[in-house]
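In this note's numbering, the protein residues as written are 1 to 895.
Here is the structure:
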């Protein structure tokens, strides 16, 4: 008889299998989430329950006979039943219903599918629900060296073909019963360039042409490569199969904002132990599960496979997304999971950070927020000294207070909060709750509104505000502009003004309780403006007014009659399109007129003194801030990248663009140029290594989170047709992520070649001696030498500074967490000698860099960035006098 068409015909095994594994001989390329071959596309429900009756048949082939131990065959069925009972919360099992020994016309040279069809026809087996045919044949392996083959018909019935019982028989048969139950293989993503995720094109191919799916290569899943242990199937397969109680995976739906969650061991019996989320941009679903040596995962969740696994559904199978997606030797990956401190980013940009892992759980943060934009807020007098202040939200989410000095300038900034990137708008409302202190209101991405009551004091123990209180559940995201307008309707209580995309202005009157009252529409036609600016009594009539800027840069003032009625519009300026943010500060310079502050996209801040509508209503612009370097998440000084003999700087923005700042020879940097259009955010370290390739041009090394190391050979010029570097070359495979610091030291051992120094998490220091050549057979460095046993973990920054003490040998500088700066003189032979403290107070900077020779005195210099975004240069003196550097000077703006 002819067998019905199976849902899939999958083989376990491959050519040249080892004693511990068998591997699929075919490789699948295609779209993530697409069907695999003839895989079932309909998931199974929890209602699937019952004992699958097994007809066990031992078959002597026509050309090969051997004893088939029935006890071993039965034991394999029993092992399979125990596993799938555990997976299905006791609902599914397998038991031997009948046993038959027979001879067959099938031969060992047939393909496994032909062999099975021949034997099934001889037996006359017909599939029906909750039945299975399991055939053992008298040959050590099936065709192509396979250790087993499985077919399914309806998710509760199927056929399995097995060779003679051997070491892997139990695990292979358990895997084959997974196919009978409708499951496909557990695979992994492989990308030649190390990318951890990729999008799919409309035709099913990958957007990243170096990526493909390696079938059967997930060794943390029973449906992956076979091994004597039987790990738990991954959560997407678990969901597809309708196993468990249905509460094992917490489905978050579309990821919104930034939120933290706790995972429990996937091999445990805890509810909600895994998390599933949908990327809000791509619509793809990702599962996060914690692999700990618990239950069935005891043997596999060890070393680099103990951690958080990122995995996606792949039809009836799965696809693991690993920290290293480059290929690996053999059948197994031993660094498949993500570790504390590592971050996985979907191809659409959603970020998953592994916060911590313990013996029983893990903490993760899912961040679906877009990159934070700088915000300038006018809170009035926020610190209680009677002078109007400024607050800035930076791109890293930090909140900084810049106290006013009474002249229109700001004093030194101080950080008053972190985590404010969760808000799309931050308003200075004035005293919104009637307690005499100025407050803040902020809107989240989900449209909720939050109130921060001001305390009137900003000191070491007070950030200036109390904890957030929700004052609006949802719906505030419908407004494209939110403003704190102080008292706008004349009742003595500060109000909130909102604009809808259709241009309608809606006033939410303040109640004096920290909550807005019933809204009312007060005007229309405001969609013609790209920025609305609340300004306190700009024309001196005693009421608070509203200014607005049009896309053409013209600035307009609308006077307020005192009852939230806007009258007498008049143009008061042109050319205001150069500013990213404009705010009305109130009286910031003590002349009893309302003022403006405007900030450019590069961080420069300008003050406009109000004149109570004399002339345009304000005086000339006065620069009061030159910052903006906090727009970059990575700064790398590089020795003469453009061939003008001056040291330069590379700066990377969170959007992955790379910017070149040429040194001007006078201790500062000139006008920048974008030299990398995007993609540089895939690296977690950028290291200047001088001339590493031996061609006379200075080079750049970059490290990816998967631990691979890449060199960008320098070209010695930066102009419109040359970004300063050529195509990258991989010079190190996985393993470089073991280091917590990497720095180029120049020629550290005196052999004329430039070297690398790296620090491990245990505090040990290692020297990689450069070879001066990078080629297909030469990575550019030799095997590492330990040059520091322990203790280097006490430093939060480590950098090769060149010959800092002018003794002809290159040195290393290091900064401790307490802000002290230390110099370790090099001995010229690759070792460090007795250190010397050369500075204190360096913890005011978030980044300290060896700048190279930034001026013309021939000594290596230092550059440091403060958290407020200012950049400062310290001119080296060759250790003469004193600490080895002169007082700091401002090093230049970002444009």
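Heads up, the beta-carbon is just placed ideally off N, CA and C, and yes, glycines get one too.
Just how far apart, CA to CA, sit residue 107 and residue 139?
Sequence index remark: in the chain shown, residue 107 carries index 107 (1-based). Sequence index remark: in the chain shown, residue 139 carries index 139 (1-based). Taking the straight line from one Cα to the other gives about 9 Å.
Using C-beta distances below 8 Å, list every residue in its chain close to residue 708, excluding the 5 sequence neighbours before and after it, in chain order.
One-based indexing of the chain shown puts residue 708 at position 708. Contacts found: 194, 324, 326, 730, 732, 733, 734 and 736.
Between 579, 556, 873 and 572, which has its C-alpha nearest residue 649's C-alpha?
For this step, residue 649 is matched to residue 649 along the chain shown. It is 873 whose Cα lies nearest to the Cα of residue 649.
Is it a yes or a no for the region 739-752 touching the region 760-775, going by three-plus beta-carbon pairs under 8 Å?
yes
Going by C-alpha distance, which of 492, 493, 458 and 444 is nearest residue 470?
On the chain shown, position 470 is the one that residue 470 refers to. Residue 444 is the option with its Cα nearest to residue 470.
Looking at the structure shown, is residue 837 part of a helix, part of a strand, or coil, going by DSSP?
In the chain shown, counting from the first residue as 1, residue 837 sits at position 837. Three-state result, residue 837: strand.
Could you pull out every residue in the same chain whose Cβ sits closer than 6 Å to the Cβ of residue 702, ignoring the five residues on either side in sequence?
To locate residue 702, count along the chain shown from 1; it is residue 702. Contacts found: 683, 686 and 710.
Okay, do the region 199-207 and the region 225-232 touch, 3+ Cβ pairs below 8 Å being the bar?
no
Between the Cα of residue 212 and those of 335, 223, 203 and 190, spot the shortest distance and give me the residue it belongs to.
Here the question's residue 212 lines up with position 212 in the chain shown. Of 335, 223, 203 and 190, the residue nearest in Cα terms is 190.
Per DSSP, cross-strand counterpart(s) of residue 534:
Counting from one through the chain shown, the residue named residue 534 turns up at place 534. Note: residue 534 sits in a beta bridge opposite 546.
Unbroken alpha helix (DSSP H) run spanning residue 85, endpoints
On the chain shown, position 85 is the one that residue 85 refers to. Run containing residue 85: 70-87, per the alpha helix (DSSP H) assignment.
Could you tell me whether the region 259-279 touches the region 423-438, where touching means 3 or more Cβ pairs closer than 8 Å?
no
According to DSSP, which residues form a beta bridge with residue 136?
Counting from one through the chain shown, the residue named residue 136 turns up at place 136. Looking at the DSSP assignment, residue 136 forms a beta bridge with 58 and 162.
Taking the beta strand (DSSP E) that residue 599 belongs to, which residues open and close that run?
As a working mapping, residue 599 is identified with position 599 in the chain shown. 595-599 is the span of the beta strand (DSSP E), which, as asked, contains residue 599.
Rounded straight-line distance, which links the Cα of residue 786 to that of residue 828
By 1-based counting over the chain shown, the position of residue 828 is 828. By 1-based counting over the chain shown, the position of residue 786 is 786. Cα-Cα distance, rounded: 16 Å.
Is it right to say residue 790 is buried, meaning 16 or more other beta carbons lie within 10 angstroms of its own, or is it exposed?
Within the chain shown, residue 790 is the residue found at index 790, counting from 1. By the neighbour-count rule (16 or more Cβ atoms within 10 Å), residue 790 is not buried but exposed.
Applying the 10 Å Cβ sphere with the 16-neighbour rule, what's the burial state of residue 333?
Taking the first residue of the chain shown as position 1, residue 333 is located at position 333. Buried, since its Cβ has 16 or more Cβ neighbours within 10 Å.
Taking the straight line between their C-alpha atoms, what separation do you get for residue 243 and residue 319?
Walking along the chain shown from the start, residue 243 turns up at place 243. Walking along the chain shown from the start, residue 319 turns up at place 319. About 19 Å.
Going by the CB atoms, is the gap between residue 182 and residue 316 shorter than 8 Å?
As a position in the chain shown, residue 316 is number 316, starting the count at 1. As a position in the chain shown, residue 182 is number 182, starting the count at 1. Yes, the pair counts as a contact, with Cβ atoms nearer than the cut-off.
Throw me the rounded Cβ distance for the residue 308 and residue 321 pair, which I believe falls under 8 Å.
Along the chain shown, one-based indexing puts residue 308 at 308. Along the chain shown, one-based indexing puts residue 321 at 321. Going by Cβ atoms, the distance from residue 308 to residue 321 rounds to 11 Å, so no, they are not a contact pair.
Tell me which residue opens and which closes the alpha helix (DSSP H) that residue 286 is part of.
The count along the chain shown starts at 1 and reaches residue 286 at position 286. No alpha helix (DSSP H) contains residue 286, which is instead part of the beta strand (DSSP E) from 285-291.
Minimum length 3: unbroken beta strand (DSSP E) runs contained in the region 327-360:
343-345 and 351-357
Answer yes or no: do residue 800 and residue 743 have a C-beta to C-beta separation smaller than 8 Å?
Position 800 of the chain shown, counted from the first residue, corresponds to residue 800. Position 743 of the chain shown, counted from the first residue, corresponds to residue 743. Yes; because the gap between Cβ atoms is below 8 Å, this pair is in contact.
Quick one: what does DSSP say residue 516 is sitting in, helix, strand or coil?
Locating residue 516 in the chain shown gives position 516, where the first residue counts as 1. Residue 516 falls in the strand class under three-state DSSP.
Reduced DSSP secondary structure (H/G/I, E/B, other) of residue 278
Here residue 278 refers to the residue found at position 278 when the chain shown is read from its first residue. Looking at residue 278 - three-state DSSP - the assignment turns out to be strand.
Could you check which residue in 78, 282 and 98 has the C-alpha nearest to that of residue 123?
The residue given as residue 123 occupies position 123 in the chain shown. Looking at the Cα atoms, 98 is the closest of the given residues.
Residue 515 to residue 399 span [Cα, whole Å]
Locating residue 515 in the chain shown gives position 515, counting from the first residue. Locating residue 399 in the chain shown gives position 399, counting from the first residue. Looking at the two C-alpha atoms, the distance is approximately 23 Å.
Got a sec, what are the start and stop residues for the alpha helix (DSSP H) residue 120 sits in?
Stepping through the chain shown from its first residue, residue 120 is reached at position 120. From DSSP, the alpha helix (DSSP H) with residue 120 extends over 112-123.
Closest residue to residue 156 among 637, 539, 521 and 50 (Cα-Cα distance):
Within the chain shown, numbered from 1, the residue matching residue 156 stands at position 156. Residue 156 has its Cα closest to that of 50, out of 637, 539, 521 and 50.
Should residue 59 and residue 136 be called a contact, given that it needs their Cβ atoms to be closer than 8 Å?
Counting from 1 along the chain shown, the entry for residue 59 is found at position 59. Counting from 1 along the chain shown, the entry for residue 136 is found at position 136. Against a cut-off of 8 Å, the Cβ pair of residue 136 and residue 59 comes out as a contact.
Could you say which of 234, 223, 187 and 202 lies nearest to residue 214 if we only look at CA atoms?
In the chain shown, counting from the first residue as 1, residue 214 sits at position 214. Here the closest residue by C-alpha is 187.
Would residue 604 be called buried (16 or more neighbouring beta carbons within 10 Å of its own) or exposed?
Mapped onto the chain shown, residue 604 falls at position 604. Burial call: buried.
Is the distance from the Cβ of residue 175 to the Cβ of residue 133 below 8 Å?
Taking the chain shown and counting its residues from 1, the one referred to as residue 175 is at position 175. Taking the chain shown and counting its residues from 1, the one referred to as residue 133 is at position 133. Cβ atoms of residue 175 and residue 133: not closer than 8 Å.
Rounded Cβ spacing between residue 53 and residue 95 (contact assumed at less than 8 Å):
As a first step, residue 53 must be located in the chain shown, where it is residue number 53. As a first step, residue 95 must be located in the chain shown, where it is residue number 95. About 7 Å separates the two Cβ atoms, so the contact holds.
Given 8 Å, three or more beta-carbon pairs between the region 819-838 and the region 772-779:
no
Assign residue 396 to one of three DSSP states: helix, strand, or coil.
As a working mapping, residue 396 is identified with position 396 in the chain shown. Residue 396 falls in the coil class under three-state DSSP.
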